[in-house]
Amino acid sequence: MIKRQTREGRRMNSKSEIQKAGNKRASRTSFVSQSTGFTLVEVVIVLIIMAVGAAIAGIAITSGSGLTIRTFARELSATLRYARNHAVSEKHAFCFVINKDEGLYRLYGDKVDEEGSLLPVIEKPIPEDIEVVINSEDEEFFEVEFFPHGNTSGGVIEVQNKKGKVLFISVNRLSGKIEVKERE
116 MIKRQTREGR RMNSKSEIQK AGNKRASRTS FVSQSTGFTL VEVVIVLIIM AVGAAIAGIA
176 ITSGSGLTIR TFARELSATL RYARNHAVSE KHAFCFVINK DEGLYRLYGD KVDEEGSLLP
236 VIEKPIPEDI EVVINSEDEE FFEVEFFPHG NTSGGVIEVQ NKKGKVLFIS VNRLSGKIEV
296 KERE
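Per the numbering used here, residue 116 is the first one in the sequence shown, and the count goes up by one each step.
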């Protein structure tokens, strides 16, 4: 006969008593294991909620940091560098034009239409929340010419957002170097 002692100190004599005690213990442990941990559905729901929260926080953080003005300044400087590089490599002049009345900036090469008018190589809008300040005789129109030897007509473009952040994009007359600087 198998004799075993329970936790309470009572002795179990029969095999059936031992099995019943084992079943009680097994049911207790299986219940505990079922109640701990998370299901896959619960984990996925929590991850989705965290992702949505992070996205909302990211939008809130970047919207106030002047991201649009920096992006626009980089875009303008990339267009100016493109103009200089292609003027040198293709051995003909390129002309960069900002027209504030139309809210556009364009880059012209040597492409013409049937009527003989120049066609823009690049034409993009100026974002509505950005103001372009032109310090020249005509404050609505700005032009920089890029020549085949790498030199330019030069100039400075000032871009400003509604929060007052100002960036300057300067084009060196002799070297054609383009720099973006913040107001100091």
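Glycine included, C-beta positions come from ideal geometry on N, C-alpha and C.
query                                                                                          : result
Where G173 falls: helix, strand or coil (DSSP)                                                 : helix
Presumed contact (8 Å Cβ cut-off) between N287 and G265, rounded CB distance                   : Not really, about 10 Å apart at Cβ, beyond 8 Å.
Contact set for V203: own chain, Cβ-Cβ below 7 Å, skip 5 residues either direction             : P263 and G265
Three-state secondary structure (DSSP) of R221                                                 : strand
N-terminal and C-terminal residue of the beta strand (DSSP E) that V282 is part of             : Before going on, a small fix: residue 282 reads as Leu here, not Val. Segment V281 to V286, the beta strand (DSSP E) holding L282.
Three or more C-beta pairs below 8 Å linking the region 224 to 243 and the region 254 to 263   : no
Cβ contact (3+ pairs, closer than 8 Å) linking the region 283 to 298 and the region 219 to 233 : no
Endpoints, the beta strand (DSSP E) within which I241 is located                               : I241 -> no beta strand (DSSP E), and no H or E assigned at all.
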